[in-house]
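Trainee:
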Amino acid sequence: MDLTFRFLYAFRYTSAVAFKRPARKDYTEESLYEYAIGALGRRMRSVAEMKRLMRPKVAHQEDGDRMVEAVIERLKQQKYLNDARYAETYSNNRKENQKFGRLRVTTDLKARGVHGDVIDAAMKTTYGDTDEVELAKKFVQRKRIKPLDPKDQKAAARIFRTLLRAGFSSRSAYRVLNGMKADAEILAALEAEAAEATETPENE
1 MDLTFRFLYA FRYTSAVAFK RPARKDYTEE SLYEYAIGAL GRRMRSVAEM
51 KRLMRPKVAH QEDGDRMVEA VIERLKQQKY LNDARYAETY SNNRKENQKF
101 GRLRVTTDLK ARGVHGDVID AAMKTTYGDT DEVELAKKFV QRKRIKPLDP
151 KDQKAAARIF RTLLRAGFSS RSAYRVLNGM KADAEILAAL EAEAAEATET
201 PENE
């Protein structure tokens, strides 16, 4: 019994040592800056994204917040961080490569912490002269959505909702489905559903 107890104690002690978490790294302002440069080298990021990325690294340090702000200011001065450029580049890539609509890109940029005025300017530049219906058709082609059976309500609803999630208005989605020869009654029902979904939050 005594040997068993000692064995279990030794096993637990060894396991605790083996799985002990490494000590948190302490950053200086310079090493935090180097970390930020590495992150930006992998992909563009907004100011808010960079703050979210750096803060957990220095949360245990007394001057962590100050270092984050100092690094952000330095990156801005060096033009490595620029939300206006980021928003325009991001929105252009999402439009040209993924064929997303304005509403989807606007939502994504908000989630990345970009200010509303900056987003509005980027949308004007990227989508100002865009025919949304034509872009929605390109999105359907890119997704390789199969030709629609005019009477297939489930398929029509699936395409309609896919277009809404991709950032297109219900009117544009309606016109795309109309071009795919969807049944008029099905289209009317989908349009009514979209209108109801839009109005519901305002009434609550």
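Per the numbering used here, the sequence shown starts with residue 1, numbered consecutively. Virtual Cβ for every residue (Gly too), placed ideally from N, Cα, C.
#1: Within the same chain, show all residues whose beta-carbon is closer than 7 Å to that of residue 187, passing over the 5 residues directly before and after it, in chain order.
#2: Could you check the C-alpha separation between residue 93 and residue 149 for me, to the nearest Å?
#3: Rounded to whole angstroms, what's the CA-CA distance from residue 194 to residue 29? Just pull it up for me.
#4: What does the alpha-carbon distance come out to for the pair residue 68 and residue 125?
#5: Assuming residue 95 is part of the alpha helix (DSSP H), what are its boundary residues?
#6: Entirely within the region 117 to 200 and at least 4 residues each: give me those alpha helix (DSSP H) ranges in chain order.
#7: Label residue 130 either buried or exposed according to how many other C-beta atoms from any shown protein chain fall within 10 Å of its C-beta, with 16 as the threshold for buried.
#8: When the Cα of residue 99 is compared with those of 127, 87, 50, which residue comes out closest?
#9: Mind reading off the beta-carbon distance from residue 114 to residue 83? Whole number of angstroms is fine, and I expect it under 8 Å.
Mentor: Taking the coordinates as given:
#1: Here residue 187 refers to the residue found at position 187 when the sequence shown is read from its first residue. Counting only Cβ-Cβ distances below 7 Å, and skipping sequence neighbours, we find 174, 177, 178.
#2: Mapped onto the sequence shown, residue 93 falls at position 93. Mapped onto the sequence shown, residue 149 falls at position 149. Separation of residue 93 and residue 149 (C-alpha to C-alpha, rounded to the nearest whole angstrom) is 32 Å.
#3: Here residue 194 refers to the residue found at position 194 of the sequence shown. Here residue 29 refers to the residue found at position 29 of the sequence shown. Whole-angstrom Cα-Cα distance: 50 Å.
#4: Stepping through the sequence shown from its first residue, residue 68 is reached at position 68. Stepping through the sequence shown from its first residue, residue 125 is reached at position 125. Straight-line spacing of the CA atoms in residue 68 and residue 125 works out to 31 Å.
#5: The residue labelled residue 95 in the question sits at position 95 within the sequence shown. Segment 83 to 98, the alpha helix (DSSP H) holding residue 95.
#6: The region 117 to 200 contains these whole alpha helix (DSSP H) runs: 132 to 142, 153 to 165, 170 to 179.
#7: As a first step, residue 130 is located in the sequence shown; it is residue number 130 there, counting from the start. Taking every protein chain shown into account, the CB of residue 130 has fewer than 16 other CB atoms within 10 angstroms, so this residue is exposed.
#8: As a position in the sequence shown, residue 99 is number 99, starting the count at 1. With distances taken between Cα atoms, residue 99 lies closest to 127.
#9: Taking the first residue of the sequence shown as position 1, residue 114 is located at position 114. Taking the first residue of the sequence shown as position 1, residue 83 is located at position 83. Indeed they touch by this definition, with Cβ atoms about 5 Å apart.
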